[in-house]
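A.B. asks: If you're matching positions, the sequence shown starts at 13 in our numbering and goes up one per residue.
One structure, as C-alpha cells, below. Some questions next.
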Amino acid sequence: MALARGAFYAATEQDTAKLATDLAQAVKQQLPQGIVVYLQGDLGAGKTTFSRHFIQALGHSGNVKSPTYTLVEPYSLAGLEIFHFDLYRLADPEELEFMGIRDYFGDNRVCLIEWPQNGGQNLAPADLVISIEPDKSGRRFSIAAISLTGRAALQLCKRI
C-alpha cells in the first residue's frame with residue numbers, strides 16, 4: 013500500500029530529465045539509506061530514458077547503457093553504488109538468485125529496476141514505484157512511495 017502518491021506530465025525529454033534530476037537529488041538526501049525504485053511501463057514508455065537522466069543527475073558523467081542483455085549495469089560514484097536492472101529478458105526469476113541479487117541491495121545503494129514484475133519474489137521491496145505511460149505527445153509519470161524512505165524522497169521532489 014502506498015504511503016504517498018504524486019504525478020507529473022512530461023511533454024518533452026527535457027521535462028523527463030527535470031523530473032529525474034529532482035527525484036535523484038531527493039533520493040541522494042536519503043543516503044546512506046539505500047533505495048529501491050521499480051520502473052513500470054510498456055516497451056518504449058521511457059523507463060531507460062528516465063534512468064539515464066536519473067543516474068547522470070547522481071553524478072555519473074559517462075554513457076548510461078541499457079542493461080537489456082546484461083540484466084544489470086553498475087555505476088560506482090563517490091560513496092554511492094547505483095545498479096540499473098532491466099529484467100525484460102529474464103527467463104526465470106531464479107536466475108536472480110544465481111547472480112546474487114540480494115548483494116545489490118543495501119546502504120549507499122540505489123537500485124533502479126525495469127520490469128520488476130519479472131523478478132518475482134527475488135527482489136527487495138520497492139521504496140518508490142514509478143509508472144510511465146504515453147499520454148498524447150508526452151509521458152505521464154505516476155509515482156507511489158511504498159516505504160518511509162520513499163515517502164521522504166517523494167516529499168523532497170520539487171516537481172511532484
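Each residue gets a CB set at the ideal place from its N, CA and C atoms; glycine is no exception.
From this set, R171, L89 and A165, which residue's C-alpha is nearest V11's C-alpha?
C.D. replies: In this structure the chain extends from 13 to 172, so residue 11 is not present and cannot be described.
A.B. asks: For the beta strand (DSSP E) that F153 lies in, which residues bound it at each end?
C.D. replies: Stepping through the sequence shown from its first residue, residue 153 is reached at position 141. Where F153 is concerned, the enclosing beta strand (DSSP E) stretches over G150 to A157.
A.B. asks: Would T24 be called buried (16 or more neighbouring beta carbons within 10 Å of its own) or exposed?
C.D. replies: Sequence index remark: in the sequence shown, residue 24 carries index 12 (1-based). T24 is exposed by the Cβ-count criterion.
A.B. asks: Distance check for G53 and I144, CA to CA, integer angstroms please.
C.D. replies: Walking along the sequence shown from the start, residue 144 turns up at place 132. Walking along the sequence shown from the start, residue 53 turns up at place 41. Cα to Cα, I144 sits roughly 5 Å from G53.
A.B. asks: What span of residues does the beta strand (DSSP E) with A32 cover, start to end?
C.D. replies: Position 20 of the sequence shown holds residue 32. Here A32 belongs to no beta strand (DSSP E); instead the alpha helix (DSSP H) covers E25 to K40.
A.B. asks: Taking the alpha-carbon positions, what's the I113 to S154 distance?
C.D. replies: Taking the first residue of the sequence shown as 1, we reach residue 113 at position 101. Taking the first residue of the sequence shown as 1, we reach residue 154 at position 142. Cα to Cα, the separation comes out at about 26 Å.
A.B. asks: Between which two residues does the beta strand (DSSP E) carrying S88 extend?
C.D. replies: Residue numbering aside, residue 88 sits at position 76 when the sequence shown is read from its first letter. V84 to L89 is the span of the beta strand (DSSP E), which, as asked, contains S88.
A.B. asks: When DSSP labels each residue in this structure, what does L140 get in the three-state scheme?
C.D. replies: Within the sequence shown, the letter at position 128 stands for residue 140. Three-state result, L140: strand.
A.B. asks: To the nearest angstrom, how far is the alpha carbon of L92 from that of A38?
C.D. replies: What you label residue 92 is simply residue 80 of the sequence shown in a count that begins at 1. What you label residue 38 is simply residue 26 of the sequence shown in a count that begins at 1. Each residue's Cα considered, the two are about 14 Å apart.
A.B. asks: Pick out the complete beta strand (DSSP E) segments inside the segment 38-124, 3 residues or longer, and give them in chain order.
C.D. replies: Within the segment 38-124, the complete beta strand (DSSP E) runs of at least 3 residues are 47-52, 84-89 and 92-98.
A.B. asks: Taking the beta strand (DSSP E) that G18 belongs to, which residues open and close that run?
C.D. replies: One-based indexing of the sequence shown puts residue 18 at position 6. First-last of the beta strand (DSSP E) with G18: A16 to A22.
A.B. asks: Between A19 and I172, what straight-line distance do the alpha-carbon atoms span, to the nearest angstrom?
C.D. replies: On the sequence shown, position 7 is the one that residue 19 refers to. On the sequence shown, position 160 is the one that residue 172 refers to. Near 6 Å, if we compare the C-alpha coordinates of I172 and A19.
A.B. asks: Considering only C-alpha positions, which residue in the set P44, C123 and G71 is nearest to P137?
C.D. replies: As a first step, residue 137 must be located in the sequence shown, where it is residue number 125. Comparing Cα-Cα distances from P137 to each of P44, C123 and G71, the minimum goes to C123.
A.B. asks: Using a Cβ-Cβ cut-off of 7 Å (strictly less than) and excluding sequence neighbours within five positions of Q42, which residues of its own chain qualify?
C.D. replies: What you label residue 42 is simply residue 30 of the sequence shown in a count that begins at 1. Excluding sequence neighbours, Q42 sits near T161, A164 and A165.
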